[in-house]
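Enquirer: For reference, the structure I am asking about is given below.
2 protein chains.
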Amino acid sequence: MIGIFDSGLGGLTVVRAIMDRLPGYDIVYFGDTARMPYGSKSPRTVVDYARQDSMLLIRKGARLVLMACNTASSVAFEPIARRLETPVFEVVTPAVETALQCSRNQRIGVIGTRATIGSAVYERKIKNRQPDAAVYSVACPLLVPLVEEGWLRKPETKTIVKKYLTPLKNRQIDTLVLGCTHYPILKHIVQHKIGKQINVIDSSLAVAEKLAAYLTDQPSLLHALPQTGRVRLLVSDITPQFESMAQMLLQQKVELEQVRLPVDL
Amino acid sequence: MIGIFDSGLGGLTVVRAIMDRLPGYDIVYFGDTARMPYGSKSPRTVVDYARQDSMLLIRKGARLVLMACNTASSVAFEPIARRLETPVFEVVTPAVETALQCSRNQRIGVIGTRATIGSAVYERKIKNRQPDAAVYSVACPLLVPLVEEGWLRKPETKTIVKKYLTPLKNRQIDTLVLGCTHYPILKHIVQHKIGKQINVIDSSLAVAEKLAAYLTDQPSLLHALPQTGRVRLLVSDITPQFESMAQMLLQQKVELEQVRLPVDL
Chain C
63 MIGIFDSGLG
73 GLTVVRAIMD
83 RLPGYDIVYF
93 GDTARMPYGS
103 KSPRTVVDYA
113 RQDSMLLIRK
123 GARLVLMACN
133 TASSVAFEPI
143 ARRLETPVFE
153 VVTPAVETAL
163 QCSRNQRIGV
173 IGTRATIGSA
183 VYERKIKNRQ
193 PDAAVYSVAC
203 PLLVPLVEEG
213 WLRKPETKTI
223 VKKYLTPLKN
233 RQIDTLVLGC
243 THYPILKHIV
253 QHKIGKQINV
263 IDSSLAVAEK
273 LAAYLTDQPS
283 LLHALPQTGR
293 VRLLVSDITP
303 QFESMAQMLL
313 QQKVELEQVR
323 LPVDL
Chain P
63 MIGIFDSGLG
73 GLTVVRAIMD
83 RLPGYDIVYF
93 GDTARMPYGS
103 KSPRTVVDYA
113 RQDSMLLIRK
123 GARLVLMACN
133 TASSVAFEPI
143 ARRLETPVFE
153 VVTPAVETAL
163 QCSRNQRIGV
173 IGTRATIGSA
183 VYERKIKNRQ
193 PDAAVYSVAC
203 PLLVPLVEEG
213 WLRKPETKTI
223 VKKYLTPLKN
233 RQIDTLVLGC
243 THYPILKHIV
253 QHKIGKQINV
263 IDSSLAVAEK
273 LAAYLTDQPS
283 LLHALPQTGR
293 VRLLVSDITP
303 QFESMAQMLL
313 QQKVELEQVR
323 LPVDL
């Protein structure tokens with residue numbers, strides 16, 4: 063199975079993209095709803111949580127683990143990938159590569175959680191590939207709670223998005239990276255507030271593409287993956303918000319299974 | 063020691079009141095910042111967390127435990143108080159009693175987290191004491207993230223408070239209970255938006271009063287409590303926001319100690 067985790071429901075945007083790009087392959091998703099959000103917590107705590115989440119997916123049968131959470135990808139990918147034998151994927155690099163392909167003027171904005179922006183991982187990865195690039199980052203810590211609450215079209219959400227984007231408006235960026243898997247759910251607002259001439263990068267398609275390319279190179283792993291089309295959704299806490307949002311994002315009836323963390327590990 | 067816990071920093075409003083009412087008595091506080099917020103999580107998860115938090119405080123030397131969190135008080139007080147030998151206090155009852163004392167027309171509004179409002183504990187406790195009272199409750203799930211972010215005077219916070227209070231505006235309430243220990247930090251906005259003729263009830267003073275009365279009746283416990291004036295602040299995750307807000311609320315330099323949950327238990 064393809065294992066995917068996030069702090070909450072944001073990673074379901076990645077599940078949707080994987081279902082489209084690799085149809086029929088079984089997926090096991092874990093949303094750590096009992097401890098979400100991750101983005102306001104310290105790197106040490108996020109590393110602990112991401113390690114537990116990865117182990118949980120492996121025990122549930124995952125043959126590879128995708129961190130569909132920018133916060134975990136930013137601060138926990140290296141310590142975890144180094145220790146696990148199971149292949150681990152993260153969402154930052156595909157977003158960076160897509161942004162550099164799209165940008166004409168190499169002036170790139172990045173929005174993310176406090177932990178992601180604090181890690182400066184986007185800036186580092188962009189400048190490694192393109193030393194002349196200018197990167198402008200803004201932490202937007204309230205956007206995850208707004209999405210988890212389902213405030214997707216409220217005027218208050220629009221004014222908060224606008225406030226966060228203001229420092230990017232006069233930087234002449236031509237590309238803006240949604241550096242959090244929750245943010246594609248607000249893409250319509252972000253695109254409207256930043257301006258329709260700006261490329262707004264949702265990394266989920268690039269992540270799915272990267273995973274598909276990896277599996278093409280690893281045919282023995284690819285053939286070992288079950289293909290019954292099953293998508294299991296595990297959560298550490300069952301809440302009505304998660305269920306309704308999952309149904310909206312995956313466009314199918316969902317059934318949640320509760321796991322207890324870290325007691326089950 | 064007097065043990066006090068909350069999901070995050072809201073309970074520090076209660077610490078402040080206890081320090082004023084019972085000066086010199088040692089306090090050990092636990093803020094579960096690695097798993098906050100509680101108010102959007104399910105009752106079962108909140109009961110588990112509140113039990114772990116109570117046990118942690120007892121192991122650290124608490125002789126009584128005060129749940130300075132309305133969510134925990136609402137859904138977890140009964141199962142936990144029933145099992146522990148240590149006296150356990152909650153914050154809902156003192157708020158209810160104060161509200162009934164203040165209200166002239168017995169039309170009372172309550173704001174709180176989704177879990178607190180969903181439990182209907184305020185309505186039940188008010189109607190037990192005053193069957194004719196009318197209680198109007200509104201869940202305000204974004205206020206805790208706004209406080210934890212330190213957005214205490216931003217226009218977006220004001221418009222969100224206003225939106226939450228709108229359904230209460232034409233109910234002819236004369237009293238509004240702040241049913242979450244984070245909300246006193248936004249009291250200036252709430253009072254402004256609901257109108258200056260409305261009693262806005264911050265339960266922290268009433269809680270401190272209740273605790274002092276209990277201790278007066280239990281002189282052996284009172285005399286067993288250390289009085290070195292020490293306030294220990296334990297957190298499950300150290301973040302800069304918690305530190306600066308704690309300094310502001312307690313008006314003294316603070317030092318945070320990190321505990322690991324539930325591994326330490």
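Chains as they are written, first to last, in the numbering used here: chain C, 63 to 327; chain P, 63 to 327. Beta carbons are placed, not taken as given, at the ideal position from N, Cα and C, and that holds for glycine.
Determine the direct distance from the alpha carbon of THR301(P) to that of LYS187(C), and round the result to whole angstroms.
Expert: C-alpha separation (whole angstroms): 25 Å.
Enquirer: Which runs of the beta strand (DSSP E) spanning at least 3 residues fall entirely within the stretch 236-277 of chain P, listed in chain order?
Expert: Segments of the beta strand (DSSP E) lying fully in the stretch 236-277 of chain P: 237-241 and 261-263.
Enquirer: Which same chain residues end up closer than 6 Å to TYR91(P) when comparing Cβ atoms and leaving out the 5 residues on each side of it in sequence?
Expert: Cβ within range, chain order: ILE66, VAL77 and LEU295.
Enquirer: Output, in chain order, the set of chain P residues within a Cβ distance shorter than 8 Å of LYS103(C).
Expert: Per Cβ cutoff of 8 Å: THR95, ALA96, ASP299 and THR301.
Enquirer: Sort ILE80(C), HIS244(C), TYR226(C) and ALA143(C) by Cα distance to GLN114(C) and report the nearest one.
Expert: Comparing Cα positions, the closest option is ALA143(C).
Enquirer: Is it right to say LYS315(P) is buried, meaning 16 or more other beta carbons lie within 10 angstroms of its own, or is it exposed?
Expert: When all chains shown are included, LYS315(P) counts as exposed.
Enquirer: For a test of the three-state rule: what should DSSP assign to LEU311(P), helix, strand or coil?
Expert: If DSSP states are grouped into helix, strand and coil, LEU311(P) belongs with the helices.
Enquirer: Looking at the unbroken alpha helix (DSSP H) that takes in ARG144(P), where does it start and where does it end?
Expert: Here the alpha helix (DSSP H) through ARG144(P) covers 132-145.
Enquirer: Check this for me: beta carbons of TYR198(C) and ILE235(C), under 8 Å apart or not?
Expert: Yes, these two residues count as a Cβ contact at 8 Å.
Enquirer: Okay, do the stretch 172-180 of chain C and the stretch 124-143 of chain C touch, 3+ Cβ pairs below 8 Å being the bar?
Expert: Contact holds: three or more Cβ-Cβ distances are below 8 Å.
Enquirer: If we define contact as Cβ-Cβ less than 8 Å, is THR178(C) a contact residue for chain B?
Expert: No chain B is present in this structure, whose protein chains are C and P.
Enquirer: LYS255(C) to SER298(P), Cα distance in whole Å?
Expert: So the alpha carbons of these two residues sit roughly 37 Å apart.
Enquirer: Using a Cβ-Cβ cutoff of less than 7 Å, which residues in the same chain neighbour GLY86(P) once the five nearest sequence positions on both sides are dropped?
Expert: Excluding sequence neighbours, GLY86(P) sits near GLN289 and GLY291.
Enquirer: Please list the terminal residues of the continuous alpha helix (DSSP H) segment that includes ILE163(P).
Expert: Note that residue 163(P) corresponds to Gln in the displayed sequence, not to Ile. Its alpha helix (DSSP H) spans residues 154-164.
Enquirer: Whose C-alpha, out of ALA130(P), LEU311(P) and SER181(P), is nearest the C-alpha of GLY73(P)?
Expert: For GLY73(P), the nearest C-alpha among the options comes from ALA130(P).
Enquirer: If you reduce the DSSP assignment to three classes, tell me which class ARG78(C) lands in.
Expert: Here ARG78(C) sits in helix by DSSP.
Enquirer: By the 10 Å Cβ neighbour count, where 16 or more other Cβ atoms means buried, how is LEU283(C) classified, buried or exposed?
Expert: LEU283(C) should be labelled exposed.
Enquirer: Near ILE263(C), what residues of its chain come up, given a Cβ to Cβ distance below 8 Å and the 5 sequence neighbours on each side ignored?
Expert: Excluding positions up to five away in sequence, the list reads ALA157, THR160, ALA161, CYS164, THR237, LEU238, VAL239 and LEU240.
Enquirer: First and last residue of the alpha helix (DSSP H) that includes MET117(P)?
Expert: MET117(P) -> alpha helix (DSSP H) spans 105-121.
Enquirer: Report the neighbours of GLY225(P) on chain C: residues whose CB is nearer than 9 Å to its CB, in chain order.
Expert: The identity of residue 225(P) in the sequence shown is Lys, whereas the question assumes Gly. Residues of chain C passing the Cβ test: LYS216, PRO217 and GLU218.
Enquirer: Below 7 Å on C-beta distance, what does GLU211(C) contact in chain P?
Expert: Ordered by position in chain P, the residues that pass the 7 Å Cβ test against GLU211(C) are PRO203 and LEU204.
Enquirer: Between which two residues does the beta strand (DSSP E) carrying ARG169(P) extend?
Expert: Where ARG169(P) is concerned, the enclosing beta strand (DSSP E) stretches over 169-174.
Enquirer: Around the Cβ of ASP110(C), are there at least 16 other Cβ atoms within 10 angstroms (buried) or fewer (exposed)?
Expert: The residue in question, ASP110(C), is buried, as its Cβ has 16 or more Cβ neighbours within 10 Å.
Enquirer: Check each candidate in ALA79(P), LEU118(P) and ILE247(P) and name the one with the smallest Cα separation from THR148(P).
Expert: Out of ALA79(P), LEU118(P) and ILE247(P), LEU118(P) has the C-alpha closest to the C-alpha of THR148(P).
Enquirer: Run through DSSP, which three-state label would THR127(P) get?
Expert: Residue 127(P) is actually Val in this sequence, not Thr. Here VAL127(P) sits in strand by DSSP.
Enquirer: When you check each C-beta in the stretch 222-249 of chain P against every C-beta of chain C, which residues fall closer than 8 Å?
Expert: Residues passing the 8 Å Cβ filter: ILE222 and LYS225.
Enquirer: Could you check which residue in MET307(P), LEU128(P) and ILE173(P) has the C-alpha nearest to that of LYS224(P)?
Expert: Taking only the C-alpha atoms, the option nearest LYS224(P) is ILE173(P).
Enquirer: Does PRO207(C) have its Cβ less than 8 Å from a Cβ in chain P?
Expert: By this cut-off, PRO207(C) is an interface position.
Enquirer: Under 7 Å Cβ-Cβ, which residues of chain C neighbour THR155(P)?
Expert: The premise fails here: THR155(P) is roughly 27 Å from chain C at the closest Cβ pair, so nothing lies under 7 Å.
Enquirer: According to DSSP, what are the bridge partners of VAL206(C)?
Expert: Answer by DSSP bridge pairing: none, since VAL206(C) is not bridged.
Enquirer: Look up ASP299(P) in the DSSP assignment and say whether it is helix, strand or coil.
Expert: Three-state DSSP puts ASP299(P) in coil, outside helix and strand.
Enquirer: Within 8 Å (strictly less), CB to CB, does THR107(P) reach chain C?
Expert: It does; some Cβ of chain C falls within 8 Å.
Enquirer: Using only alpha-carbon positions, find the residue among GLN309(P), LEU287(P), ASN232(P) and ARG215(P) that is nearest to ARG169(P).
Expert: If we check each option's Cα against that of ARG169(P), ASN232(P) comes out closest.
Enquirer: Could you pull the start and end residues of the alpha helix (DSSP H) that LEU284(C) belongs to?
Expert: Unbroken alpha helix (DSSP H) run through LEU284(C): 281-286.
Enquirer: Taking the alpha-carbon of LYS103(C) as reference, which of PRO193(C), SER69(C), ALA308(C) and VAL127(C) has the nearest alpha-carbon?
Expert: If we check each option's Cα against that of LYS103(C), SER69(C) comes out closest.
Enquirer: Return the bridge partner residues of ARG294(C) from the DSSP annotation.
Expert: VAL90(C), per the DSSP bridge assignment.
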